[in-house]
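Everything in the sequence shown is counted per our numbering, starting at 17 for the first residue and increasing by one. Built from N, CA and C at the ideal position, the CB exists for glycine as well.
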Amino acid sequence: MRARRPEGPQQRRCPGHKGDSMTQSARENCRLGRRQELTPEGHEKAKTYFQQAIEDDPDYLPAYAEYSYCLVREFQNGWGRDPLASLDEALTLADKAVALGDATDNKVPNDFRSRWYRAMVHWNRGDFDKSFVDFEDARKFILPERTVTDNADLDADMAEALVYAGEPERAIALIEDARRRYPGHPYWYFWNLGRAYYATRRYQDALDAIAAIKTPPNEFIPTPPNDVLLVVAASNAQLGKLDEARAAMAEFSQNDPDWSLEKSAAFHYRNDSDRQHWLDGLRKAGLKER
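Below, the structure is given as structure tokens:
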């Protein structure tokens, strides 16, 4: 699976510390950056907004956190000239966000996104243990009025890391519990749930989870992200429904002709058997090798 959620979590209001106008401008650019579509074109626009936010206010923590997550998307989607360099930069930005939040002389309140997004960077680098530490530490900085929704988001997002770390059953339990606590949850909970069900070989459940994503998924994107088709294609292939599998893969590849099994194999897994299981479904569905 590749990165999602162009809208990001709800922006927190942070007090200005170098002039309200500077912080307000940075906040607005972060808001605009989060609302770009998850496409190569939308991604480049988002990067521009986050870069401008940092220029507007170099001490505005959310700008570094959001830009870090943006570069995780760049890495996962294979956009840009050097995806690995993008992931390295994402870690630098996330570290900066954490440092700003921890600084005793910074007037910007700490923000759980700094550690949340650094957790994403860590597991995409294969550092699962560091990732889970940051996921848990992020909870300390959730605002009291958002305890339910933000903890649910953290659980549902940590579930994706658990799939790659070889714990899909735990991932399913976390997402289902998060859904109960947060009935109005965003669409990507179902995306992660579908991927977790696939990992446990519950292929029909995976298809049902993806089918639960509404169109449009939210106010910012008109259709479900292209990558949900990979779950549909692989699950149908494992069920022996090859016509449906190849149709879904053909649609996916039409939208993203450069994606391949080789790129899918490059993701970090704690257990190679989980990687091979995912590749097996994609291969049966007709994804090209390179």
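Contact under 8 angstroms by Cβ, residue i with residue j
i    : j    : result
A194 : A168 : yes
E82  : G49  : yes
A189 : V179 : no
A62  : N45  : no
A110 : R141 : no
I229 : W207 : yes
S251 : L209 : no
S147 : A113 : no
L245 : E267 : yes
D166 : I158 : yes
C-alpha distance - residue i paired with residue j, whole-angstrom precision
i    : j    : result
D173 : Q292 : 23 angstroms
S276 : G302 : 10 angstroms
I191 : L170 : 10 angstroms
S289 : L116 : 40 angstroms
E176 : N287 : 15 angstroms
E185 : Y285 : 16 angstroms
Y76  : P56  : 26 angstroms
G182 : A215 : 9 angstroms
Y203 : K257 : 26 angstroms
R295 : V247 : It should be pointed out that residue 295 corresponds to Leu in this sequence rather than to Arg. Looking at the two C-alpha atoms, the distance is approximately 11 angstroms.
Supposed close pair residue i, residue j - CB separation, criterion 8 angstroms
i    : j    : result
V137 : V88  : 6 angstroms
F128 : A154 : 4 angstroms
G297 : A253 : 5 angstroms
P241 : L54  : 5 angstroms
G94  : K279 : 6 angstroms
Inset, instruction - Kindly provide the ranges of any alpha helix (DSSP H) runs that are 4 or more residues long and lie completely inside the region 177-239, ordered along the chain. - result: 184-197, 204-215, 219-227
Inset, instruction - Would you list, in sequence order, the uninterrupted alpha helix (DSSP H) runs of no fewer than 4 residues that lie entirely inside the region 50-87? - result: 56-72
Inset, instruction - Taking only runs that begin and end inside the region 118-159, name each unbroken alpha helix (DSSP H) of 4 or more residues, in chain order. - result: Fully enclosed alpha helix (DSSP H) runs of 4 or longer: 128-140, 144-154.
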